[in-house]
Amino acid sequence: MAIDVEIQERAPAPVPAMGVLEAIRTRRSVGKVRPERPPREAIVAVVEAATWAPNHRLTEPWRFVVLAGEARHAFGAAMAAAQAAGRPAPADEAAKAAARDADAKTAAKALRAPVVIAIAVEPVVGPKVVEIEEVTAGAAAIQNMLLAAHALGLAAIWRTGAPSYDPAIKAFFGLTPGAHLLGFVYLGYPDGAPPERERTPAERVTRWLGWDADGSD
Ligand SMILES: Cc1cc2nc3c(=O)[nH]c(=O)nc-3n(C[C@H](O)[C@H](O)[C@H](O)COP(=O)(O)O)c2cc1C
């Protein structure tokens with residue numbers, strides 16, 4: 383039996399209410415999490431938050447697949463199989479062993495957090511629907527998820543990598559070939575302090591037009 387199956391759900395630690403700006407400012411991508419699975423209600427809240435993202439023409443193009451327990455092993459196996467399918471047959475025993483190691487490492491990636499949510503966009507096809515807007519709506523949904531997770535005291539990180547762009551992984555999640563798999567949000571309870579990050583001040587990437595030169599208005 384896999385170790386993670388035995389881990390009990392825990393109630394989330396009570397967190398003080400957090401304002402939106404504070405949540406935006408203090409959210410960090412946190413990959414290091416503890417093995418306990420957060421309760422389903424917390425994950426439901428995170429996915430609900432995603433569905434309130436803005437979306438042009440109300441197409442609601444997002445799709446979510448929420449993995450825990452054994453389902454993550456199946457995802458890991460699918461990622462390893464996709465990786466193996468993309469490489470030439472190993473020439474000798476040493477190459478075979480290296481390939482096996484690489485595939486095992488890839489499979490283990492699915493187990494980095496107790497909950498993994500795959501997020502995809504199935505673009506609505508229509509005369510007035512612009513595909514990039516479907517994708518950007520999906521990205522907004524993911525940011526909502528990250529902020530909701532943070533506000534609930536959970537650690538989260540949005541990961542992509544080769545599996546996001548692999549048709550076999552799309553198929554694994556039951557998506558159509560036209561879908562965009564935007565990535566995977568790994569969720570759990572934080573294990574340690576969040577990483578520190580820096581940002582370029584907004585003023586360096588912003589031009590203000592039609593405002594007083596002295597910045598007073
Ligand atoms: C589209 C997208 C894909 C990402 N993919 C990965 C990834 O594959 N692995 C990873 O460690 N972080 C990934 N990240 C998270 C970024 O590394 C992270 O947002 C960045 O380092 C800034 O850190 P912060 O989110 O804590 O501010 C991704 C973020 C985005 C928006």
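Oh and the sequence shown: position 101 is 483 in this note's numbering, straight run, nothing missing. Glycine included, every Cβ here is placed at the ideal spot set by N, Cα and C.
Quick one: residues in its chain with C-beta nearer than 8 Å to the C-beta of residue i, no 5 flanking neighbours on either side, listed in chain order?
i, result
"Ala550", "Ala460, Ala463, Ala464 and Ala467"
"Thr582", "none"
"Glu580", "none"
"Val412", "Ala537, Ala538, Ile539, Pro572, Pro576 and Pro577"
"Ala431", "Asn526, Met527, Leu529 and Ala530"
"Arg469", "Ala481"
"Ala561", "Arg445, Ala502, Val503, Glu504, Pro505 and Lys552"
Using the three-state DSSP reduction, which class does residue i fall into: helix, strand or coil?
i, result
"Thr572", "The amino acid at residue 572 is misidentified as Thr; the sequence shows Pro. Three-state result, Pro572: strand."
"Ile389", "Confidence is the limiting factor: at Ile389 the pLDDT is only 49, short of 50, which leaves the residue's position unreliable, though a coordinate-based value still follows. Coil."
"Val402", "helix"
"Leu557", "coil"
"Glu580", "coil"
"Leu534", "coil"
"Ala482", "In the sequence as presented, Ala is not what sits at residue 482; that position holds Arg. Of the three classes helix, strand and coil, the one that applies to Arg482 here is helix, per DSSP."
"Gly520", "helix"
"Arg378", "Any answer about residue 378 is impossible in this case: the structure gives the chain only from 383 up to 599."
"Pro549", "helix"
"Arg407", "helix"
"Ala473", "coil"
"Ala489", "helix"
Within a Cβ cutoff of 7 Å, which residues of the same chain sit near residue i, ignoring the five residues on either side of it in sequence?
i, result
"Met400", "Ala533"
"Asp485", "Ala462, Gln465 and Ala466"
"Gly592", "none"
"Asp594", "none"
"Arg439", "Lys510 and Val511"
Leaving aside the five residues before and after residue i along the sequence, list all residues of the same chain whose C-beta is less than 6 Å from its C-beta, in chain order.
i, result
"Pro545", "Met461 and Ile551"
"Thr488", "Met461, Ala462 and Gln465"
"Pro505", "Pro443, Glu513 and Glu516"
"Ala500", "Val447, Phe555 and Phe566"
How would you write the range of the beta strand (DSSP E) that residue i sits in, first residue to last?
i, result
"Ala431", "Element bounds for Ala431: not the beta strand (DSSP E) but the alpha helix (DSSP H), Arg422 to Ala432."
If the criterion is Cβ atoms closer than 7 Å, does the pair residue i and residue j meet it?
i, j, result
"Leu569", "Ala523", "no"
"Glu418", "Tyr571", "yes"
"Leu557", "Ala521", "no"
"Leu493", "Arg454", "yes"
"Arg416", "Leu528", "no"
"Val428", "Ala531", "yes"
"Ala435", "Ala519", "yes"
"Ile425", "Val497", "yes"
Can you check DSSP and say which residues form a bridge with residue i?
i, result
"Ile514", "None; Ile514 has no bridge partner."
"Ile539", "Tyr568"
"Phe446", "Ile501"
"Val415", "Pro572"
"Leu563", "Ala502"
How would you write the range of the alpha helix (DSSP H) that residue i sits in, first residue to last?
i, result
"Glu452", "Glu452 to Ala467"
"Thr588", "Segment: none, Thr588 is in no alpha helix (DSSP H) and carries neither H nor E."
"Thr441", "From DSSP, Thr441 is part of no alpha helix (DSSP H); its letter is neither H nor E."
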